[in-house]
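Visitor:
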């Protein structure tokens, strides 16, 4: 997992070490006003790589009501464009978690796990401008509320094909 903010003074150095496809996705988040973009799912191409852009209007929710998720074919670049704050949970996928719903062989490329109280879950806090990059081995739980009540958020997700970053990697 990678975590940062597009307004960080070290932004250019931080993304310079990433594969070109991830650099293109994160730079797109910085250079476009996605808080004003219409919601929905859009096919885009960045740096010659076909990607999926999702513009989502959500509310954060209590952690216990959310399911851990993972993707195998795509890297999730998640960005808080507006609202929040938002907390996100994460941990390494050791493939010992109990599957709740497997949609990996669908266009959604998503697998939900049952909540595991023994998972070594860390958290990050997202404010507008913050991005998190989740690789196929990163279980993540987005849209967790930070306070006593839910908060509206404008969440942007760019699905970057894993094959564009590590062509020889097996999923």
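In the numbering used here, the protein residues as written are 178 to 348.
Using N, Cα and C, we set each Cβ at its ideal position, and we do this for glycine too.
Keep in mind the model is a prediction, meaning the values are calculated, not measured.
Of the residues 340, 250, 317, 324, which one's Cα is nearest the Cα of residue 179?
Guide: Along the chain shown, read from residue 1 onward, the residue named residue 179 stands at position 2. Of 340, 250, 317, 324, the residue nearest in Cα terms is 317.
Visitor: Indicate whether residue 222 and residue 267 have their beta-carbon atoms separated by less than 8 Å.
Guide: Residue mapping note: residue 222 aligns to position 45 of the chain shown, counting from 1. Residue mapping note: residue 267 aligns to position 90 of the chain shown, counting from 1. Cβ distance not < 8 Å, so residue 222 and residue 267 don't count as in contact.
Visitor: Taking the alpha helix (DSSP H) that residue 207 belongs to, which residues open and close that run?
Guide: On the chain shown, residue 207 is found 30 positions in, with the first residue counted as 1. Where residue 207 is concerned, the enclosing alpha helix (DSSP H) stretches over 197 to 208.
Visitor: If I follow the unbroken alpha helix (DSSP H) through residue 189, where does it start and stop?
Guide: Position 12 of the chain shown, counted from the first residue, corresponds to residue 189. Here the alpha helix (DSSP H) through residue 189 covers 188 to 193.
Visitor: Using only CA atoms, which one of 224, 323, 342, 251 lies nearest to residue 236?
Guide: Here residue 236 corresponds to residue number 59 of the chain shown, with the count starting at 1. Of the listed residues, the one whose Cα sits closest to residue 236 is 323.
Visitor: Residue ranges of each beta strand (DSSP E) run of no fewer than 3 residues wholly in the segment 260 to 322, ordered along the chain?
Guide: As far as the segment 260 to 322 is concerned, its whole beta strand (DSSP E) runs of at least 3 residues are 263 to 269, 276 to 280, 287 to 290, 299 to 303, 307 to 311, 315 to 321.
Visitor: Going by DSSP in three states, residue 178 sits in which element: helix, strand or coil?
Guide: For the purposes of this step, residue 178 is taken as the residue at position 1 of the chain shown. Residue 178 falls in the coil class under three-state DSSP.
Visitor: Specify whether the segment 245 to 260 and the segment 210 to 221 touch according to this definition: at least 3 beta carbon pairs, one from each stretch, less than 8 Å apart.
Guide: Cβ pair count under 8 Å is three or more, so yes.
Visitor: Are the CB atoms of residue 291 and residue 279 nearer to each other than 8 Å?
Guide: In the chain shown, counting from the first residue as 1, residue 291 sits at position 114. In the chain shown, counting from the first residue as 1, residue 279 sits at position 102. Against a cut-off of 8 Å, the Cβ pair of residue 279 and residue 291 comes out as no contact.
Visitor: For the alpha helix (DSSP H) holding residue 341, just list the boundary residues, first then last.
Guide: Along the chain shown, read from residue 1 onward, the residue named residue 341 stands at position 164. Residue 341 -> alpha helix (DSSP H) spans 339 to 342.
Visitor: If we call anything under 8 Å between Cβ atoms a contact, is residue 262 one with residue 328?
Guide: On the chain shown, position 85 is the one that residue 262 refers to. On the chain shown, position 151 is the one that residue 328 refers to. Yes. Within cutoff.
Visitor: Tell me which residues share the same chain as residue 200 and place their Cβ nearer than 6 Å to its Cβ, disregarding the 5 neighbours each side in the sequence.
Guide: Walking along the chain shown from the start, residue 200 turns up at place 23. For residue 200, where only same-chain residues beyond five positions count, the Cβ hits under 6 Å are 192.
Visitor: To the nearest angstrom, report how far apart residue 210 and residue 335 are at their CA atoms.
Guide: Counting from one through the chain shown, the residue named residue 210 turns up at place 33. Counting from one through the chain shown, the residue named residue 335 turns up at place 158. Cα-Cα distance, rounded: 14 Å.
Visitor: Pick helix, strand or coil for residue 240, following the three-state DSSP scheme.
Guide: By one-based count along the chain shown, residue 240 stands at place 63. The answer is helix: DSSP assigns residue 240 an H, G or I state.
Visitor: Of all the options 313, 185, 203, which has the alpha carbon lying nearest to the alpha carbon of residue 269?
Guide: As a position in the chain shown, residue 269 is number 92, starting the count at 1. Per the Cα distances, 313.
Visitor: Count the other C-beta atoms from every protein chain shown that fall within 10 angstroms of the C-beta of residue 198, then say buried if there are 16 or more, exposed otherwise.
Guide: Start at 1 with the first residue of the chain shown, and residue 198 comes out as number 21. Its Cβ being crowded by 16 or more others within 10 Å, residue 198 is buried.
Visitor: Please name the residue in 308, 288, 275 whose C-alpha comes closest to that of residue 295.
Guide: For the purposes of this step, residue 295 is taken as the residue at position 118 of the chain shown. Considering only alpha carbons, the answer is 275.
Visitor: Residue 219: buried (16+ other C-beta within 10 angstroms of its C-beta) or exposed?
Guide: Start at 1 with the first residue of the chain shown, and residue 219 comes out as number 42. Residue 219 comes out exposed.
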